[in-house]
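Participant: From first to last, the protein sequence lines are chains A and B. Per numbering that gives the first Met the number 0, residue 0 is the first one in the first sequence, and the count goes up by one each step. Per numbering that gives the first Met the number 0, residue 0 is the first one in the second sequence, and the count goes up by one each step. A virtual CB, placed ideally from N, CA and C, is assigned to each residue, including glycine. Quick one: the structure is below, questions incoming.
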Amino acid sequence: MSRIAKRFAETRASGRAALVPYVTAGDPAPDVTVALMHDLVAAGADLLELGVPFSDPMADGPVIQLACERSLAHGTSLRDVLAMVAAFRERDRETPVVLMGYLNPVERMGAETFAEAAGAAGVDGVLVVDLPPEESDELTGVLARVGIDPIFLVAPTTSSRRLEHVTAAARGFIYYVSLKGVTGSQTLDPAELGARLSSIRALTELPLGVGFGIRDAQTAAQVARVADAVVVGSAIVRLVEQFPAAPDQFRAAASALVREMRAAMDDARMAEAPAPV
Amino acid sequence: MKQAVDWAAFPDVRGHFGPYGGRFVAETLMGALDELQGVYEKYMKDPEFLAELDADLQNFVGRPSPLYHAERLSRELGGAQVYLKREDLNHTGAHKVNNTIGQALLAKRLGKTRIIAETGAGQHGVATATVAARLGLECVVFMGAEDIQRQSPNVYRMRLLGADVVAVKSGSRTLKDALNEAMRDWVANVDDTFYIIGTVAGPHPYPAMVRDFQSVIGREARAQHLEMTGRLPDALVACVGGGSNAIGLFHPFLADESVAMIGVEAGGEGVGTGRHSAPLCAGRPGVLHGNRTYLMEDDNGQIIETHSISAGLDYPGVGPEHSWLKDIGRVSYVSVTDDMALRAFHRMTRTEGIIPALETSHAVAHVLDLAPRMRTDQSVIINLSGRGDKDLNTIARLEGIEL
Ligand SMILES: Cc1ncc(COP(=O)(O)O)c(C=O)c1O
């Protein structure tokens with residue numbers, strides 16, 4: 000069983016929703032990332048999503064754009080990100096790590112070379128934001144060979160015909176984009192979200208993660224009632240800007256936010272137990 | 000390239016020109032692109048739509064644009080006869096409006112009430128603001144903060160036309176960043192918003208759709224040249240930023256094997272210096288802005304900053320069809336430096352009384368070199384893609400003059 004499948008089996012068995020913090024690798028500086036990953040796990044993260052910085056992050060809002068710029072100012076490359084995952088794996092063999100990024104750096108490295116290096120580093124899933132299933136055969140093929148799950152997005156605008164297509168290609172979990180917009184946008188309607196997730200569940204057994212627009216513990220708790228995983232990105236990355244010259248304080252603030260979200264999510268599920276989702 | 004190619008078969012249904020093109024966007028936009036492809040395919044076969052488009056091109060844009068024999072320049076160069084396809088005479092002063100008219104009519108058919116666009120030189124922004132004003136649609140134009148400085152007359156024109164011009168301060172603050180920002184806006188407002196892309200880049204169906212709207216240039220030029228000379232031209236020359244004016248001229252001639260085609264990229268300070276905007280001449284294939292194409296990147300696959308005196312060519316990618324035409328050898332691509340373009344700007348202005356845009360001046364510069372190497376009974380058509388009024392501040396500043 001893959002690390003991702005194993006982790007979701009555990010969270011499902013214990014009636015919890017998984018908490019998945021996102022951070023951009025190399026932000027605010029490359030030497031912060033591995034320690035930060037361990038912090039986030041200690042604070043209650045079940046999976047980690049690690050952003051691969053890209054010069055033109057078209058699907059991201061200003062918070063993650065700036066994170067990419069900060070990371071790239073240090074010259075962080077895809078190979079550097081894989082080295083960070085490998086370093087993280089020296090002390091943590093349990094927590095799944097999903098890379099999230101854009102296609103061009105992967106193409107530049109070569110899909111096959113990338114897949115092998117990612118497998119060796121201990122990457123569990125890869126989400127390429129600008130690679131829809133229609134164009135993904137080559138990459139999913141080489142990822143499958145090294146046991147890495149291709150993670151795909153489903154959006155509020157995804158038609159039912161496309162939904163079948165996406166769920167057929169997806170492995171690991173489905174990443175549901177909770178709103179129309181880029182990362183870090185506002186407004187999320189929990190009632191609408193619940194209805195939408197039910198229609199996806201009719202087509203797939205895969206766990207459903209929800210991200211984009213989860214900014215605080217209260218929203219995280221609402222989403223935890225209906226989703227298998229809650230992905231939190233901009234709310235964490237934004238904290239870097241609060242502590243521009245103090246990475247330690249950023250790490251502490253990020254951990255505190257994750258801890259707060261963890262508690263709120265677990266309380267929300269407890270209050271509802273044993274009702275199934 | 001000797002075997003016959005069925006040019007009409009490209010792109011394929013998923014938008015591929017050989018290995019290039021396609022649709023590389025986040026899932027949120029896939030539905031909107033399917034919808035756009037649907038209406039585009041439907042209306043390009045709809046006689047009523049095509050009649051409305053033709054009428055607008057004639058009465059609002061002023062088409063057909065003349066094919067002008069630049070006799071004095073031809074004489075001075077002492078080689079091929081130089082013809083200018085006068086897209087600078089279109090309403091709003093460039094070829095860009097051919098495309099915005101078409102896309103705005105589609106937006107209307109789709110019932111969208113809000114138009115967004117990216118712009119570099121501001122020509123596409125002006126052409127978009129113009130059609131939006133005419134149709135009573137809300138219009139937001141994204142423009143790199145640096146380009147807003149370089150092209151201030153066009154910024155004012157857009158604002159006069161009622162457009163909201165948004166300064167994009169991310170990344171290199173030029174055209175590519177404006178495109179990123181327009182995409183982000185589109186993702187968030189996809190229900191009521193139509194994104195009018197200004198060149199043959201972006202995800203499918205944009206490269207094919209914009210090409211089809213711009214192909215009026217080549218259809219007219221082909222008929223006009225036949226009418227004026229009784230034969231086809233020997234060469235076509237156009238500048239290439241994203242590549243819309245070039246493909247618009249080239250496409251109707253692709254099957255005419257005797258016609259050579261040359262796309263001219265912005266060589267900036269020289270392709271050897273790294274400070275240029277010439278992905279076809281000096282880049283490599285990758286994925287940017289929704290399609291696979293030649294682009295300018297570093298060893299880690301990050302998009303690198305481009306340089307050109309002309310904001311409209313300052314783009315690290317290029318339309319995917321050009322990448323394919325390059326690989327199969329049907330079109331050749333060369334580059335021209337800032338200095339060469341400037342000299343050509345002055346030469347055209349003084350010799351023919353036509354002030355070309357700085358973008359266009361790159362194509363002119365190549366012909367200054369090419370025509371003397373051709374025979375006097377041969378001919379070359381330059382796509383005179385736009386007029387240079389918008390560039391007067393840039394030129395004056397280079398000459399130390401405050402306007
Ligand atoms: C006059 C003119 N020519 C050419 C271009 C370059 O665009 P394309 O390569 O799409 O024709 C521009 C872009 O702004 C322009 O304004």
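#1: Is R107/A close to chain B? Criterion is C-beta to C-beta, closer than 8 Å.
#2: Closest to G135/B by CA distance: which of A116/B, G161/B, T118/B and E34/B is it?
#3: Which chain A residues sit within Cβ distance under 9 Å of I400/B?
#4: Any C-beta of chain B sitting closer than 8 Å to the C-beta of V19/A?
#5: For ligand 1, is there any heavy atom lying closer than 7 Å to the beta carbon of T359/B?
#6: Which ranges would you report for the beta strand (DSSP E) in the segment 100-145 of chain B if only whole runs of at least 3 residues count?
#7: If you run the structure through DSSP and keep just helix, strand and coil, what is I147/A?
#8: Does the segment 199-217 of chain A come into contact with the segment 169-189 of chain A, if we say contact requires no fewer than three beta-carbon pairs (one atom in each stretch) closer than 8 Å?
#9: Mind listing, in chain order, the continuous beta strand (DSSP E) runs of no fewer than 3 residues lying wholly within the segment 170-214 of chain B?
#10: What whole-angstrom Cβ distance do L235/B and M260/B have, given they're in contact under 8 Å?
#11: Looking at V81/B: is its Cβ nearer than 8 Å to the Cβ of D233/B?
#12: Is DSSP giving M57/A helix, strand or coil here?
#13: Which residues bound the alpha helix (DSSP H) around T23/A?
#14: Suppose you measure from the CA of A132/B to the CA of S64/B; what does that come to, to the nearest Å?
#15: Who are the neighbours of R161/A on chain B, taking C-beta pairs under 9 Å?
#16: Let's see if you can read the secondary structure: which residues bound the alpha helix (DSSP H) around R268/A?
#17: Can you tell me whether K41/B is buried or exposed? The criterion is at least 16 other CB atoms within 10 Å of its CB, across all chains shown.
#18: Can you name the residues of chain A whose CB is closer than 8 Å to the CB of R274/B?
#19: Using a 10 Å radius around the Cβ and a threshold of 16 neighbouring Cβ atoms, would you call N290/B buried or exposed?
#20: Name, going along the chain, the residues of the segment 180-194 of chain B whose beta-carbon falls closer than 8 Å to a beta-carbon of chain A.
#21: Report yes if the CB atom of M257/A is closer than 8 Å to the CB atom of L47/A, and no otherwise.
#22: So what's Q64/A in DSSP terms, helix, strand or just coil?
#23: M269/A to R170/A, Cα distance in whole Å?
#24: Restricting to Cα atoms, I'd like to know which of A262/A, P189/A, P56/A and R2/A is closest to R183/B.
#25: In chain A, what lies closer than 7 Å to F23/B by C-beta?
#26: Work out the CA separation of V153/A and Q223/B for me, nearest whole Å.
#27: Verify whether the separation of the beta carbon atoms of R466/B and V60/B is less than 8 Å.
#28: Counting only the same chain and skipping the five closest in sequence on each side, list residues whose C-beta sits under 7 Å from that of L71/A.
#29: Can we say the segment 87-107 of chain B touches the segment 383-390 of chain B, given the rule of at least three CB pairs closer than 8 Å?
#30: Which partner residues does D163/B have in the DSSP bridge list?
#31: From the DSSP output, in three-state form, read off R283/B for me.
#32: Suppose you measure from the CA of V229/A to the CA of A12/A; what does that come to, to the nearest Å?
#33: Does the distance from the C-beta atom of T32/A to that of A66/A stay below 8 Å?
#34: For ligand 1, any of its heavy atoms closer than 7 Å to the Cβ of K95/B?
#35: With a CB to CB cut of under 7 Å and the five nearest residues on each side skipped, what residues in its chain are close to A86/A?
Facilitator: Checking against the coordinates, here is how it stands:
#1: Within the first sequence, the letter at position 108 stands for residue 107/A. Taking Cβ atoms only, chain B reaches closer than 8 Å to R107/A, which makes this a yes.
#2: Stepping through the second sequence from its first residue, residue 135/B is reached at position 136. Relative to the Cα of G135/B, the nearest Cα in the group A116/B, G161/B, T118/B and E34/B belongs to G161/B.
#3: The count along the second sequence starts at 1 and reaches residue 400/B at position 401. Near I400/B there are no residues of chain A at all, since even the closest Cβ is about 36 Å away, more than 9 Å.
#4: Taking the first residue of the first sequence as position 1, residue 19/A is located at position 20. When Cβ-Cβ separations below 8 Å define contact, V19/A makes no contact with chain B.
#5: By one-based count along the second sequence, residue 359/B stands at place 360. Relative to the non-hydrogen atoms of ligand 1, the Cβ of T359/B comes within a distance shorter than 7 Å of at least one.
#6: Considered as a whole, the segment 100-145 of chain B harbours 113-118 and 137-143 as its complete beta strand (DSSP E) runs of no fewer than 3 residues, in chain order.
#7: As a working note, residue 147/A is residue 148 in the first sequence. In this structure, I147/A counts as coil in the three-state DSSP scheme.
#8: Segments in contact, yes.
#9: 192-194, all fully within the segment 170-214 of chain B.
#10: Reading the second sequence from its first residue, position 236 is the one you call residue 235/B. Reading the second sequence from its first residue, position 261 is the one you call residue 260/B. At roughly 5 Å, the Cβ-Cβ gap stays under 8 Å, so L235/B and M260/B are in contact.
#11: Counting from 1 along the second sequence, the entry for residue 81/B is found at position 82. Counting from 1 along the second sequence, the entry for residue 233/B is found at position 234. The answer is no: Cβ separation not under 8 Å.
#12: If you number the first sequence from 1, residue 57/A lands on position 58. M57/A carries a coil assignment under DSSP once its states are collapsed to helix, strand and coil.
#13: In the first sequence, counting from the first residue as 1, residue 23/A sits at position 24. Taken as a continuous stretch (DSSP letters only), T23/A belongs to no alpha helix (DSSP H), being part of the beta strand (DSSP E) at A17 to T23.
#14: Position 133 of the second sequence holds residue 132/B. Position 65 of the second sequence holds residue 64/B. Approximately 23 Å, taken between the alpha carbons.
#15: Position 162 of the first sequence, counted from the start, is the residue given in the question as residue 161/A. The contacting residues are E26, M29, G30 and D33.
#16: On the first sequence, position 269 is the one that residue 268/A refers to. Counted as a single uninterrupted DSSP element, the alpha helix (DSSP H) harbouring R268/A occupies residues P246 to E271.
#17: Here residue 41/B is taken as the residue at index 42 of the second sequence, counted from 1. K41/B should be labelled exposed.
#18: Counting from 1 along the second sequence, the entry for residue 274/B is found at position 275. Residues of chain A whose Cβ lies closer than 8 Å to the Cβ of R274/B do not exist; the shortest such Cβ separation is about 17 Å.
#19: Taking the first residue of the second sequence as position 1, residue 290/B is located at position 291. Classification of N290/B: buried, given that the 10 Å Cβ count is 16 or more.
#20: Going along the segment 180-194 of chain B in chain order, one finds M182, R183, V186, A187, N188, V189 and D190 with a Cβ nearer than 8 Å to chain A.
#21: By one-based count along the first sequence, residue 257/A stands at place 258. By one-based count along the first sequence, residue 47/A stands at place 48. Reading off the sequence, residue 257/A comes out as Val, not Met. For the 8 Å CB-CB criterion, V257/A and L47/A do not form a contact.
#22: As a working note, residue 64/A is residue 65 in the first sequence. Note: Q64/A maps to helix in three-state DSSP.
#23: In the first sequence, residue 269/A corresponds to position 270, counting from 1. In the first sequence, residue 170/A corresponds to position 171, counting from 1. Near 29 Å, if we compare the C-alpha coordinates of R170/A and M269/A.
#24: Looking up residue 183/B in the second sequence gives position 184. Answer by Cα proximity: P56/A.
#25: Here residue 23/B refers to the residue found at position 24 when the second sequence is read from its first residue. The contacting residues are L102, D129, L130 and E134.
#26: As a position in the second sequence, residue 223/B is number 224, starting the count at 1. As a position in the first sequence, residue 153/A is number 154, starting the count at 1. Whole-angstrom Cα-Cα distance: 50 Å.
#27: Since the first residue shown for chain B is 0 and the last is 402, residue 466/B is missing from the structure and cannot be characterised.
#28: Looking up residue 71/A in the first sequence gives position 72. For L71/A, where only same-chain residues beyond five positions count, the Cβ hits under 7 Å are P52 and S54.
#29: Taking 8 Å as the limit for Cβ pairs, the verdict is that the segment 383-390 of chain B does touch the segment 87-107 of chain B.
#30: Reading the second sequence from its first residue, position 164 is the one you call residue 163/B. For D163/B, which the question treats as bridged, DSSP gives the partners V139/B.
#31: Within the second sequence, the letter at position 284 stands for residue 283/B. The DSSP-derived three-state label of R283/B is strand.
#32: The count along the first sequence starts at 1 and reaches residue 229/A at position 230. The count along the first sequence starts at 1 and reaches residue 12/A at position 13. Approximately 17 Å, taken between the alpha carbons.
#33: Here residue 32/A is taken as the residue at index 33 of the first sequence, counted from 1. Here residue 66/A is taken as the residue at index 67 of the first sequence, counted from 1. Cβ atoms of T32/A and A66/A: not closer than 8 Å.
#34: Taking the second sequence and counting its residues from 1, the one referred to as residue 95/B is at position 96. Answer for K95/B: yes, Cβ within range of ligand 1.
#35: The residue you call residue 86/A lines up with position 87 of the first sequence. Cβ neighbours of A86/A beyond the five flanking positions: V33.
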